[in-house]
Amino acid sequence: MKKILLIYVGILYSVLAFGQTNFQKLTLNEACEKAKAEGKMVFVDLYTSWCGPCKVMAADVFPNVQLGEFMNKHFVCVKYDTGAEEDGKNLEKKFNVQAYPTFLLLNTNQGLENQIVGATIDPLEFKKMVEEAMSASIASLGKQYGEGNREASFLTNYLQELLKAQMIREAQEVRAELFKVISDAEKSNREYWYIYDNQILSPICSEPMDFLFAHFDQFRESMGEEKVLERISMAFEMKLRDMIRGREKMDDLDKVIKQMKPHHFNSRARLDVYVSLAQALRAAWADNKNKEKIEKVLVLCEKEFPKIDGEDLVWFYFPVTIFITGSGTEEQYARVVKLHEYIYEHTEHRPLQIGLGNMLNARNQKQN
């Protein structure tokens with residue numbers, strides 16, 4: 001009986017192993033050769049050892065039998081660690097991979113047909129994503145684009161596929177071409193709202209957002225005032241936040257202030273504080289030996305930071321306070337420490353609290 005049970009378990013294991021997505025231990029060249037012989041494409045899972053979603057895909061998604069049958073029928077599947085394997089490093093560089101996991105659908109000449117960025121916990125949802133990626137070949141669309149196709153419908157389709165694949169650099173180029181061939185009246189139509197609603201494609205001070213502000217009334221009519229105000233408030237939030245934490249230069253600050261002035265949205269009071277902080281920081285960064293300018297930044301921090309929700313504050317709290325402690329006086333440094341202690345005690349945002357706790361502990365250890 002025991003022997004029969006072992007045989008049954010062995011058969012069951014073999015069935016399950018066969019049914020799951022078969023990632024083969026092949027180099028990219030070998031995978032392409034095998035795919036060519038079998039009339040398939042190559043599916044590449046680009047992952048890293050530190051990527052949690054990559055582990056979820058490996059453990060919970062790719063073992064699914066229904067997904068595995070589909071993948072094994074259409075692809076030679078391989079996976080490469082971009083931090084440890086040469087093929088992984090080369091593909092990461094070649095296709096400008098910025099996020100993990102990224103899945104590449106390659107033809108047998110190692111050309112990119114399409115890509116999928118990000119994970120899902122649902123195997124059948126991932127199967128659908130792969131099917132859609134197969135039916136919308138970015139390689140084919142790119143060829144038409146390279147040959148000069150500039151019809152608005154084609155550019156719209158190509159742009160949307162590039163956005164799905166998170167190929168932002170290429171999407172920005174196609175968006176610019178689309179704006180050349182459609183009229184100003186068309187640009188404010190609902191069908192093109194997806195362009196303005198994409199923060200990476202249309203940040204504050206980009207051509208699309210400049211157009212939106214110049215034709216605000218038309219957008220309000222086509223999309224509704226609430227939706228447009230919600231979008232621009234988030235765009236202003238991200239722009240000012242990135243300026244304050246030093247990820248973007250302050251060159252456009254005056255333009256941002258001018259564009260924001262006529263509009264009133266729910267977060268306006270907080271963004272007005274961001275503007276004041278950005279202005280004070282711009283002056284202090286330009287002359288970081290001027291303690292009076294640093295004092296203006298610190299006074300703003302002491303007054304306003306306790307009022308800002310930790311979820312918003314965490315984005316720029318540390319760059320601003322580190323600048324003050326690095327450029328200010330001993331007395332100013334002591335006040336920053338008091339601010340640390342106050343925020344640590346009163347914030348409910350755990351990541352901010354953990355960061356502050358680490359800073360305060362490091363300071364205490366140094367003193368002891």
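Reading the sequence shown from the start, the letters are residues 1 to 368 in UniProt numbering.
Glycine residues also receive a C-beta, built at the ideal position from the N, C-alpha and C atoms.
Quantities reported herein were computed from a predicted structural model and do not represent experimental measurements.
Leaving aside the five residues that flank T48 on each side, the residues in its chain whose CB is nearer than 8 Å to its CB run, in chain order, C54, D81, T82, G83 and Y100. For V117, the secondary structure class from DSSP, reduced to helix, strand or coil, is strand.
Three or more Cβ pairs closer than 8 Å define a contact, and the region 205-212 falls short of that threshold against the region 280-296. Of the other Cβ atoms in all chains shown, 16 or more fall within 10 Å of the Cβ of N114; this residue is therefore buried. Membership of C301 in the alpha helix (DSSP H) is indicated by the continuous run K291 to E304. K93 sits in a helix when the DSSP states are folded into three classes. As the crow flies, the alpha-carbon of S188 is around 29 Å from that of S140. Here DSSP, grouped into helix, strand and coil, assigns C54 to helix. Closest in alpha carbon position to P203, among L67, D242 and V130, is D242. In this structure D87 is buried. Its beta-carbon is surrounded by 16 or more other beta-carbon atoms within 10 angstroms.
Proximity to R247 across L356, G68, W315 and N90 peaks at W315, based on C-alpha coordinates.
Along the region 217-283, the beta strand (DSSP E) does not occur as any fully enclosed run of 3 or more residues. Excluding five sequence positions before and after R190, the CB atoms of its chain that fall closer than 7 Å to its own CB belong to S222 and M223, given in chain order. Among the bridge pairs identified by DSSP, M41 is matched with F75.
The three-state reading of DSSP puts T102 in strand, counting E and B together.
Nearest Cα to H74 within the set C32, I322 and Q218: C32.
Considering only Q279, E237 and G118, the residue with the shortest C-alpha distance to R268 is E237. Here T325 is buried, its C-beta having at least 16 other C-beta atoms within 10 Å. For I200, the closest C-alpha among the options Q172, L67, S276 and H215 is that of Q172.
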